[in-house]
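K.L.:
The opening residue of the sequence shown carries number 82 in our numbering; numbering runs sequentially from there.
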Amino acid sequence: MIRSLLLVEDNHQDEMLTLRALRKVNVANRIDVVRDGQQALDFLFREGEFADREGTDLPTVVLLDIGLPRLSGLEVLEQLRADPRTRLLPVVILTSSDEERDRLRSYENGANSFVRKPLDFTEFAETVARLGVYWLATNLPPQG
82 MIRSLLLVED NHQDEMLTLR ALRKVNVANR IDVVRDGQQA LDFLFREGEF
132 ADREGTDLPT VVLLDIGLPR LSGLEVLEQL RADPRTRLLP VVILTSSDEE
182 RDRLRSYENG ANSFVRKPLD FTEFAETVAR LGVYWLATNL PPQG
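1) Quick check: the Cα distance between R101 and A210, rounded to an integer number of angstroms?
2) What's the gap between the Cα of R182 and the Cα of V214?
3) Contact defined as beta carbons within less than 8 Å: I believe E96 pairs with L86. What is the distance between those atoms, to the nearest angstrom?
4) Do V143 and W216 count as a contact pair if the criterion is CB distance below 7 Å?
5) If we define contact as Cβ-Cβ less than 7 Å, is D146 a contact residue for chain B?
6) Looking at the strands, I want to know which residues DSSP matches up with D113.
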């Protein structure tokens with residue numbers, strides 16, 4: 082199984098920082114990026130603009146922002162948990178939100194982890210690097 086990561090992030094700067102941090106710790110896995118909630122669902126379920134996406138594997142982990150256009154990260158998470166194909170897919174909420182209600186709703190909706198994006202660049206890079214190494218190299222994902 083090829084381990085890959087799906088980053089769902091609408092902020093271009095956060096996207097670039099995330100990709101840079103992962104590459105800095107030699108994460109060579111494939112990283113796909115989508116920029117809104119509907120694109121995330123289309124990518125994962127091979128619909129819409131991603132209907133012809135090659136391969137059958139789901140990503141090893143989804144890093145999902147909450148504040149997304151079209152569908153929020155929480156709405157995406159609800160739909161992922163409601164579908165048997167993605168029910169067990171590891172999802173990490175990676176957000177700048179510090180709202181307790183967002184954290185609670187994330188876990189209620191089946192998030193595997195809730196990580197607040199640090200405001201400091203160095204801390205942000207370190208946090209993303211640790212997430213990448215853990216989810217792509219250390220964690221044992223569900224099979225099938």
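All C-beta atoms in this analysis are idealised placements derived from N, C-alpha and C, irrespective of residue type, glycine included.
P.N.:
Answer, in terms of the structure:
1) Taking the straight line joining both Cα atoms gives about 9 Å.
2) Taking the straight line from one Cα to the other gives about 28 Å.
3) In this structure E96 is not in contact with L86, their Cβ atoms being roughly 12 Å apart against a cut-off of 8 Å.
4) Not in contact: W216 and V143 (Cβ atoms no closer than 7 Å).
5) Within the model displayed, chain B is absent; a lone protein chain is all it includes.
6) When beta bridges are read from the DSSP output, D113 appears opposite L87.
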